[in-house]
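Colleague:
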Amino acid sequence: EPEVTQTPSHQVTQMGQEVILRCVPISNHLYFYWYRQILGQKVEFLVSFYNNEISEKSEIFDDQFSVERPDGSNFTLKIRSTKLEDSAMYFCASSDWTGVQPQHFGDGTRLSIL
Amino acid sequence: AQRVTQPEKLLSVFKGAPVELKCNYSYSGSPELFWYVQYSRQRLQLLLRHISRESIKGFTADLNKGETSFHLKKPFAQEEDSAMYYCALRDIQGAQKLVFGQGTRLTINP
């Protein structure tokens, strides 16, 4: 069964540094999402992306965050200047061209900001 | 605003006993409800969606619009059911963000 893949599995970064989290969605999917889960808290929506543009974003997704689909397969989340509170598990998800089918999640990237 | 509440952070039952994981929601539109499961060291996986009205791994969940609930049930728990369970909601139109509950960690004791 096709899967969403995320790299790296764990990223350790100094506060203030830029970080890029990478995702390869399922190949025929057209809707892409990022979620995050701070330790001990619920999974929270960050942003959704369709047709090369952001379709929805949450209050968390401020100017420090950006997303990009640099080629036909990758979907990236960039945090420009990381803060301690950005430490979390970041999940990528994708769903098919209708957007109606359930979202499939990747394994997540654990981001640790020092 | 959309909100999903799972009142139990931890739930522990014995193997063979019935299980019910509670989920209540608040949403003014037409919601679609899901249960996702995360086994140890694995990714979030879809377990059930209310539209499908199916039983997966012996689990069922019925959407009760009057009580705004979508409780997950299984008549006889098995040890392999131990996992983290998340209830989630999105607008029925699809292609929308998922709103998750806090999750319930289910432990099945032998």
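These protein sequences, in sequence, are chains A and B.
Using the working numbering, you'd call the opening residue of the first sequence number 1 and step up by one each time.
Using the working numbering, you'd call the opening residue of the second sequence number 1001 and step up by one each time.
Don't be surprised by glycine CBs; every beta carbon is placed ideally from N, CA and C.
Nothing here was measured: the structure is a model prediction, and the numbers come from that model.
Just to confirm the assignment: which complete beta strand (DSSP E) runs, minimum length 3, are found wholly within the stretch 12-63 of chain A?
Modeller: The qualifying runs are 19-24, 31-37, 44-50, 53-57.
Colleague: Mind the definition here: the stretch 5-22 of chain A touches the stretch 78-93 of chain A only if three or more C-beta pairs lie below 8 Å; say whether that holds.
Modeller: Taking 8 Å as the limit for Cβ pairs, the verdict is that the stretch 78-93 of chain A does touch the stretch 5-22 of chain A.
Colleague: Quick check on D86 (chain A): does DSSP put it in helix, strand or coil?
Modeller: Three-state DSSP puts D86 (chain A) in a helix.
Colleague: Considering only DSSP beta bridges, list what S1026 (chain B) is partnered with.
Modeller: The partner list for S1026 (chain B) (beta bridge, DSSP) reads B:R1003.
Colleague: Closer than 9 Å, CB to CB, is V43 (chain A) near chain B or not?
Modeller: Closer than 9 Å: yes.
Colleague: Just to confirm, are S1082 (chain B) and L1106 (chain B) a CB contact at a threshold of 9 Å?
Modeller: Contact flag set, yes.
Colleague: Contact defined as beta carbons within less than 8 Å: I believe L1033 (chain B) pairs with F1070 (chain B). What is the distance between those atoms, to the nearest angstrom?
Modeller: Right, the Cβ-Cβ distance comes to about 4 Å (below 8 Å), so this counts as a contact.
Colleague: Roughly how many whole angstroms lie between the Cα atoms of A88 (chain A) and Y1086 (chain B)?
Modeller: Cα to Cα, A88 (chain A) sits roughly 17 Å from Y1086 (chain B).
Colleague: Can you tell me which of A:Q64, A:D86, A:S27, A:Y35 puts its alpha carbon nearest to the alpha carbon of P2 (chain A)?
Modeller: The shortest C-alpha separation from P2 (chain A) is found at A:S27.
Colleague: Under a three-way DSSP split, which group does E1020 (chain B) fall into?
Modeller: Residue state, collapsed to three classes: strand.
Colleague: If you drop the 5 nearest sequence neighbours on each side, which residues of the same chain put their C-beta closer than 6 Å to that of S139 (chain A)?
Modeller: Residue 139 (chain A) is absent from the structure shown; chain A starts at 1 and stops at 114.
Colleague: Please list, in chain order, all residues of the same chain as G1101 (chain B) whose beta carbon is under 8 Å from its beta carbon, the five residues on each side excluded.
Modeller: V1004, T1005, Q1006, C1023, Y1086, C1087, A1088, listed in sequence order.
Colleague: Counting only beta-carbon atoms, is Q103 (chain A) nearer than 9 Å to chain B?
Modeller: Chain B, which has a Cβ nearer than 9 Å to the Cβ of Q103 (chain A), makes this yes.
Colleague: For D71 (chain A), name the three-state secondary structure that DSSP assigns.
Modeller: Here D71 (chain A) sits in coil by DSSP.
Colleague: Output, in sequence order along the chain, the residues in the stretch 38-66 of chain A whose CB is closer than 8 Å to any CB in chain B.
Modeller: Under the 8 Å Cβ criterion, the stretch 38-66 of chain A contributes Q41, K42, V43, E44, F45, S48, Y50, S55, E56, S58.
Colleague: So Y1086 (chain B) contacts chain A; which residues on that side make the cut at Cβ distance below 9 Å?
Modeller: What Y1086 (chain B) touches in chain A: K42, V43.
Colleague: To the nearest whole angstrom, what separates the beta carbons of C92 (chain A) and F65 (chain A), a pair I think is in contact under 8 Å?
Modeller: C92 (chain A) to F65 (chain A), Cβ: 14 Å. No contact.
Colleague: Name the DSSP beta bridge partners of P1031 (chain B), please?
Modeller: Answer by DSSP bridge pairing, in chain order: B:D1091.
Colleague: Along chain A, which residues have their Cβ under 7 Å away from the Cβ of L1046 (chain B)?
Modeller: Within 7 Å Cβ-Cβ: P102.
Colleague: Please list, in chain order, the chain B residues whose beta carbon lies closer than 9 Å to that of Y91 (chain A).
Modeller: This sequence places Phe at residue 91 (chain A); Tyr is not what is there. Simply R1043, L1044.
Colleague: Considering only DSSP beta bridges, list what I1051 (chain B) is partnered with.
Modeller: According to DSSP, I1051 (chain B) bridges with nothing at all.
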